[in-house]
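Since the structure comes first, as structure tokens, the remarks are kept for the end.
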Amino acid sequence: MARALESPVNDPTYLEFFGLARPPFAQLVQPSEIFRSEQYSLLMGHLAAATEQTDCRVVIRGAEGSGKTTLLNRFIDTLDDDVSFASINETCADEKQFYIAFLRQLGFDDITGSTRELQSITREFLVHRCIASDPVLMIIDNAHLVSPSVFEQLRWISETKVEGRQVLSVVLAGSSDLGRVVDSPAMSEAKFHSHIDFSIRACTEEETAAYVMYRLKLAGDVGSVKFSNGAHPLIYRYSGGNPSVINTLCNALLTKAHALDSRVITDDLVRTVADSNQLLPHVIPLNKNRRRKTDPDLKQEVLDRQAEEHISEREAPLNIPASKSSAGSTLADADIRQLLVQVSTLSEQLGELRSDKKRALSDVDAREKDISELQQQVAALLDQLGEFKSEKKQAQTDIKARDKDVKKFRQKFEAQAKETEKLTRVVAGNADEINRLKKAVSDSKKATADAKKALRKSEKDSEKASKKAVADLKLANTRATEADALENSNTALAEEIEKKADQLNSLDKSVGELEKRLRESEDECESLRANEAVLTELEESVSEKNARIANLQAELAAYIKGDTSTQTLLHEQLDAPPSSSVKQDSAPGGSGAAIVAFEVVKDGKIEQILKVDDCPSRIMIGRGEDSELCLNSKFVSRHHALIFCSGDDIHIQDLNSYNGTLVNSKTIDHCELRPDDNVIIGDYQLRPK
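Put into structure tokens, the structure is as follows:
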């Protein structure tokens with residue numbers, strides 16, 4: 002809450018020195034410039050409730066200079082012309098002035114008559130306003146200074162009721178003494194259905210600093226006024242958080258700083274100015290809840306009372322001629338009836354104005370709805386553009402990562418190829434050794450057979466030639482010895498052959514393992530070639546996305562500039578269904594077979610089975626939480642694809658996803674699915690069954 006009690010006739014001399022356009026701490030020119038503190042919104046809500054219903058009383062209490070009048074003027078500025086209200090202050094001396102001010106602000110002119118006659122006119126007007134559902138609000142500022150006779154008339158007309166409810170709502174604003182007035186015997190008899198008692202506290206230390214900077218900013222300050230670290234706490238201590246004292250102290254500070262040719266408000270300067278203005282530090286205690294108490298008896302005797310701000314009276318919205326007579330004459334019954342007819346006419350006019358206002362508000366709401374829809378569409382396009390950019394960056398990152406993986410696979414493949422070549426050479430060398438050993442074994446077997454034949458022949462010859470026994474016996478013994486040595490040699494050769502055979506078997510196993518690893522290397526090579534093909538497709542997809550992003554940016558720029566033709570084209574593109582670029586060929590053996598479920602596979606494992614009968618006719622696939630089939634993978638877009646189930650026909654539609662949708666290794670926009678098709682979405686597979 003902010004209000005300046007000083008209104009200097011001449012502008013301060015420091016304005017040009019600090020580069021200010023107007024006095025920063027003088028009385029506010031416009032009530033809309035009020036400093037909106039924590040209490041502002043709460044109090045405005047209470048006052049707004051009083052204008053929308055009858056039988057309500059709002060009591061606002063605060064110390065002198067706390068901003069009550071400025072806040073009421075701000076509230077009055079926000080009221081529409083068709084709201085029935087009247088505002089008075091302590092200048093209203095007696096009951097007749099009260100009724101004249103009240104009726105004049107509600108549209109009556111040339112008001113004459115006795116107090117009793119004015120009472121009757123006022124009560125009849127209030128009854129008509131209540132029947133027309135138009136609440137009437139009475140605002141009284143400085144109510145603690147208002148004459149008791151005025152309060153008596155206020156109590157009298159506030160007792161006017163229609164259908165058990167009072168027809169008048171009242172707002173009373175004053176100092177802490179206002180509580181004594183409200184609780185007095187005269188006012189305590191006036192009971193209201195809704196009663197709100199609001200006390201305006203002083204500003205806190207943080208609010209004091211914010212208030213000072215706000216008032217300087219209103220005056221056009223661009224940082225020319227500097228405050229030391231301890232200046233704001235000292236301003237709060239010497240002012241006690243009272244806005245009027247803050248204005249007085251800060252105005253004196255700027256004047257003194259200008260005299261010293263300094264643009265910095267220091268701690269010593271604040272103390273010097275406070276002492277010269279006889280301002281004492283305020284010590285404000287804290288209660289149990291650590292909330293600061295407001296001193297209700299703070300008096301500002303040094304303030305200029307002649308420049309105090311008063312509540313703004315309302316000008317008469319309509320000129321309603323009243324019957325003219327002398328101040329002391331008595332109105333005739335015909336004149337009273339004429340006034341009542343005028344009141345009824347005024348009620349009808351206000352009703353027509355209210356209906357016109359409702360129609361205007363409905364038109365404004367419709368236009369605001371259209372503007373809101375356009376803003377939502379622009380926001381959606383901006384979100385889509387941001388998503389395309391993020392997906393583009395992610396794709397570039399993925400391509401770089403896959404390039405690194407391809408390089409690693411190539412290096413690994415080259416190393417395995419070298420090892421395979423080396424093993425092939427070893428196998429070739431071992432084959433020559435194996436052939437040599439096999440030939441040696443066959444030769445040894447042949448020599449053994451020949452030796453056995455010779456031995457048998459020698460035995461037959463020895464039997465036939467018994468006469469030559471001695472000579473032949475020696476020869477036989479010699480040959481037997483040679484035969485034994487030959488048999489021993491054959492045994493050793495056989496053992497060596499068995500060892501060579503074991504080595505040959507081991508080499509055969511090694512060769513089998515090498516052939517297996519060679520096949521695995523060939524499979525990895527095929528996988529790498531497939532990855533290279535996928536990378537090529539991804540690069541093409543990224544280039545297409547970049548082109549689409551560029552088009553969307555151009556269309557969005559044209560849309561924001563208001564190009565009608567471009568806006569129409571953009572709406573047509575947004576509303577048009579995506580065109581199918583690839584039509585899937587019929588799967589072999591799938592003709593006439595209905596799809597009843599989808600197997601969701603990742604890394605060769607079935608993660609879940611999606612039954613068609615358990616799902617709606619429209620299945621959203623993506624990583625977003627609103628998807629019917631949520632696939633948690635960075636390679637899956639938030640809204641990736643849609644599956645439409647219509648009877649036995651099932652179709653899949655790609656939603657301009659980043660990595661695309663592949664059916665049987667073909668990128669599609671829209672196609673019909675058949676059993677045994679292979680659908681690839683990111684690193685997931687969908688197998689219709």
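Position one of the sequence shown corresponds to residue 2 (my numbering), numbered consecutively onward.
Just so it is clear, CB atoms sit at the ideal spot from N, CA and C, and this is done for glycine as well.
Source: prediction; values computed, not measured.
Residue closest to residue i, alpha-carbon to alpha-carbon, out of the options
i: A27; options: S33, C251, A486; result: C251
i: D178; options: S445, L146, L386; result: L146
i: S38; options: L119, I77, I201; result: I201
i: I197; options: V407, E206, A174; result: A174
i: F99; options: T116, D83, V84; result: T116
i: A559; options: D650, R619, L382; result: L382
i: A432; options: L16, I651, L508; result: L508
i: E65; options: L104, D142, F103, D81; result: D142
i: T123; options: Q343, R457, T256; result: Q343
i: I651; options: K606, G661, F599, D604; result: F599
i: L386; options: A555, C93, T70; result: A555
Coil, strand or helix - residue i by DSSP
i: Q385; result: helix
i: F19; result: helix
i: A203; result: coil
i: Y685; result: strand
i: T55; result: coil
i: A220; result: coil
i: S324; result: With a pLDDT of 38 at S324, under the threshold of 50, the modelled position of that residue is not reliable, and no figure is offered here.
i: S170; result: strand
i: S522; result: helix
i: K358; result: helix
i: L674; result: strand
i: H283; result: coil
i: S658; result: coil
i: T71; result: helix
i: D12; result: coil
i: K690; result: coil
i: E731; result: Nothing can be reported for residue 731, as the shown portion of the chain is limited to 2 through 690.
i: K635; result: coil
i: V680; result: strand
i: D78; result: helix
i: Q609; result: strand
i: A27; result: coil
i: D184; result: coil
i: I669; result: strand
i: V379; result: helix
i: D83; result: coil
i: E208; result: helix
Exposed unless 16 or more other CB atoms sit within 10 angstroms - verdict on residue i
i: N436; result: exposed
i: A481; result: exposed
i: N506; result: exposed
i: S33; result: exposed
i: G68; result: buried
i: G648; result: exposed
i: Q40; result: buried
i: V664; result: buried
i: V680; result: buried
i: L248; result: Checking the sequence, you will find Asn at residue 248 rather than Leu. With 16 or more Cβ atoms within 10 Å of its Cβ, N248 is classed as buried.
i: R238; result: buried
i: T689; result: Here residue 689 turns out to be Pro, not Thr, going by the sequence shown. P689 comes out buried.
i: F19; result: buried
i: G623; result: buried
i: A548; result: exposed
i: L254; result: buried
i: N74; result: buried
Does the pairing of the region 47-59 with the region 96-111 give three or more beta-carbon distances under 8 Å? no
Report the residue ranges of all beta strand (DSSP E) runs contained in full by the region 91-159; include only those spanning at least 3 residues, in chain order. 137-141
Contact between the region 271-284 and the region 216-227 (3+ Cβ pairs under 8 Å): no
Evaluate contact between the region 157-177 and the region 33-52, counting only Cβ atoms and requiring at least three cross-stretch pairs below 8 Å. yes
Indicate whether the contact test is met: 3 or more Cβ pairs, each with one atom in the region 626-640 and one in the region 673-684, closer than 8 Å. yes
Whether or not the region 351-362 and the region 120-140 are in contact is what I'm after, with contact meaning three or more pairs of Cβ atoms, one per stretch, closer than 8 Å; do they touch? yes
The region 140-157 touching the region 37-46, judged by at least three CB pairs closer than 8 Å: no
Is there contact between the region 375-383 and the region 636-650, where contact requires at least three CB pairs shorter than 8 Å? no
Complete beta strand (DSSP E) runs within the region 406-483 (minimum length 3 residues, chain order): none
What are the start and end residues of each continuous alpha helix (DSSP H) run of 4 or more residues lying completely inside the region 240-273, in chain order? 244-260
The region 494-506 contacting the region 405-415, beta-carbon criterion three pairs below 8 Å: no
Between the region 239-246 and the region 203-214, are three or more C-beta pairs nearer than 8 Å? yes
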